[in-house]
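Engineer: Numbering (my numbering), first residue to last: 73 to 462.
Quick one: the structure is below, and I'll ask about it shortly.
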């Protein structure tokens, strides 16, 4: 049986893997053993799983594989940020970014090849939308990055040196890469379950964050199925402006979004929602906009994360000045709103927020058709049927 005909174990959570192995006549504890080998030890070769019976290993080899992604680019920024570009077939690629900090190592993961939401300030949206990633492709980004970073640590120890900043292990995962995670819910969910599974990556639910532009029904589903930390791409304090900056707002306006955030907090591992707010010169950065945000903060427990815009030619938008960002933040803080300003990372390797656009294929010529086919229906209040998965 060829690799393509075998089932990839990488995207199976504990429940699914247990069911698979039970069909072959194995007890549930075998699934936990296998998860530990694949996700904790990073082993893709069944023959190397030495505490499993030889007959069991042969059986696994006959039916399954552990197939990760192929990196076609691996760049490290001067600030330690590391970016991988992965081939996902049909001349499409996704990006995964590792951001080292003093007290953590954060991995930013993609959920789709491209994006349908098409926010005008996001360069990913200008690539158009190709397809949803599978659960295996989502978790493969974590599997590969973790393996590489551990490999670098081991090499540094062999040389008698302490690992450098970008080589620390991954402590946080944010679903803030390419795509809208909640429009790929069916594949997102098992990946999230693996991230927080003690026999796999064992991350705290507080350290796994799903970022959404506001897909209200799926926010409710996530709260029930796997409540992790939630970030919402707000970017505007009123419906008129948000309709333009986040087209999905025409389907789920602020009133519904805020209500969904409050419902989510009943289940969430954190007692607040993070609102992401990109700072666009003359668009959403006035004192009046800040005042409107203050009013929103009275309706839901939240913190604001201000994001300096990273300009790209197609957008026609400009970043707010540092002074304006500072004044905006101070106005929010003086009203008691917890506010942070994101530090721009990875600019020299195009890894900063909003710059996740792979150079594998120039799809800008088909973007307008994609926007006509996919974005306009969303703006009119209809999400394409292949996007929302029940």
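Quick reminder that beta carbons are idealized off the backbone N, C-alpha and C, glycines included.
When the Cα atoms are used, what is the spatial distance from residue 287 to residue 320?
Structural biologist: Looking at the two C-alpha atoms, the distance is approximately 8 angstroms.
Engineer: Measuring CB to CB, does residue 382 end up less than 7 angstroms from residue 412?
Structural biologist: The answer is no: Cβ separation not under 7 angstroms.
Engineer: Check the DSSP bridge columns for residue 345 and list the partner residues they point to.
Structural biologist: 374.
Engineer: Which residue or residues does DSSP assign as beta-bridge partners of residue 167?
Structural biologist: According to DSSP, residue 167 bridges with 157.
Engineer: Can you tell me whether residue 123 is helix, strand or coil according to DSSP?
Structural biologist: Coil at residue 123, not helix or strand.
Engineer: For residue 371 and residue 318, what's the separation of their Cα atoms in angstroms?
Structural biologist: Cα to Cα, residue 371 sits roughly 20 angstroms from residue 318.
Engineer: Between which two residues does the beta strand (DSSP E) holding residue 180 run?
Structural biologist: Residue 180 -> beta strand (DSSP E) spans 177-180.
Engineer: Is it right to say residue 426 is buried, meaning 16 or more other beta carbons lie within 10 angstroms of its own, or is it exposed?
Structural biologist: Low confidence applies to residue 426: its pLDDT is 47, below 50, so where it sits in the model is not reliable enough to give any reading.
Engineer: Starting from residue 334, follow the alpha helix (DSSP H) in both directions and report where the run begins and ends.
Structural biologist: Per DSSP, residue 334 belongs to the alpha helix (DSSP H) from 326-337.
Engineer: Under 7 angstroms between the Cβ atoms of residue 267 and residue 184?
Structural biologist: Contact flag unset, no.
Engineer: What are the boundary residues of the beta strand (DSSP E) that includes residue 245?
Structural biologist: Here the beta strand (DSSP E) through residue 245 covers 244-247.
Engineer: Can you tell me the Cα-Cα spacing of residue 465 and residue 245, whole angstroms?
Structural biologist: A query on residue 465 cannot be resolved here, the shown segment of the chain reaching from 73 to 462 and no further.
Engineer: Whole angstroms are fine: how far does the CA of residue 156 sit from the CA of residue 467?
Structural biologist: Since the displayed the chain opens at 73 and closes at 462, residue 467 lies outside it and no answer follows.
Engineer: Are residue 416 and residue 375 closer than 7 angstroms when you measure CB to CB?
Structural biologist: Cβ atoms of residue 416 and residue 375: not closer than 7 angstroms.
Engineer: Would you mind sorting residue 190 into buried or exposed? The rule is 16 or more other CB atoms within 10 Å of its CB.
Structural biologist: With 16 or more Cβ atoms within 10 Å of its Cβ, residue 190 is classed as buried.
Engineer: Leaving out five residues on either side along the sequence, give the residues of the same chain with a beta carbon under 6 angstroms from the beta carbon of residue 213.
Structural biologist: Around residue 213: 168, 181.
Engineer: Inspect the beta-carbon positions of residue 83 and residue 262 and report whether they are closer than 7 angstroms.
Structural biologist: The answer is yes: Cβ separation under 7 angstroms.
Engineer: Using CA coordinates, which residue listed in 369, 401, 367, 361 is at the minimum distance from residue 379?
Structural biologist: It is 401.
Engineer: In the DSSP output, what is residue 136 paired with across the bridge?
Structural biologist: DSSP lists 79 as partners of residue 136.
Engineer: Got a sec? Which residues, its chain only, sit under 8 angstroms from residue 296 by beta carbon, not counting five neighbours each side?
Structural biologist: Cβ neighbours of residue 296 beyond the five flanking positions: 339.
Engineer: Could you check the C-alpha separation between residue 367 and residue 136 for me, to the nearest Å?
Structural biologist: So the alpha carbons of these two residues sit roughly 53 angstroms apart.
Engineer: Can you tell me whether residue 142 is buried or exposed? The criterion is at least 16 other CB atoms within 10 Å of its CB, across all chains shown.
Structural biologist: So residue 142 counts as exposed.
Engineer: Alpha carbon to alpha carbon, how far is residue 78 from residue 391?
Structural biologist: Distance between the alpha carbons of residue 78 and residue 391: 48 angstroms.
Engineer: Along the chain, where does the beta strand (DSSP E) containing residue 90 start, and where does it finish?
Structural biologist: Careful: residue 90 lies outside any beta strand (DSSP E), inside the alpha helix (DSSP H) at 86-95.
Engineer: Of all the options 336, 387, 140, which has the alpha carbon lying nearest to the alpha carbon of residue 158?
Structural biologist: If we check each option's Cα against that of residue 158, 140 comes out closest.
Engineer: Specify the secondary structure class of residue 250 as computed by DSSP and reduced to three states.
Structural biologist: Coil.
Engineer: When the Cα atoms are used, what is the spatial distance from residue 196 to residue 187?
Structural biologist: Approximately 7 angstroms between the Cα atoms of the pair.
Engineer: Which same chain residues, not among the five before or five after residue 356, have their C-beta less than 8 angstroms away from its C-beta?
Structural biologist: 307, 308, 309, 313, 317, 349, 350.
Engineer: Can you give me the start and stop residues for the alpha helix (DSSP H) that residue 396 sits inside?
Structural biologist: Per DSSP, residue 396 belongs to the alpha helix (DSSP H) from 394-406.
Engineer: Can you tell me which of the three DSSP states residue 439 falls into?
Structural biologist: Because the pLDDT at residue 439 is just 42, under 50, the model does not fix this residue reliably, and the point stays unresolved.
Engineer: Could you tell me the distance, in whole angstroms, from the CA atom of residue 241 to the CA atom of residue 397?
Structural biologist: The straight-line gap from Cα to Cα measures roughly 32 angstroms.
Engineer: Using the DSSP secondary-structure output, state which residues sit across from residue 289 in a beta bridge.
Structural biologist: Paired residues: none, contrary to the question.
Engineer: Roughly how many angstroms lie between the CA atoms of residue 101 and residue 270, to the nearest whole one?
Structural biologist: If you take the alpha carbons of residue 101 and residue 270, they lie about 13 angstroms apart.
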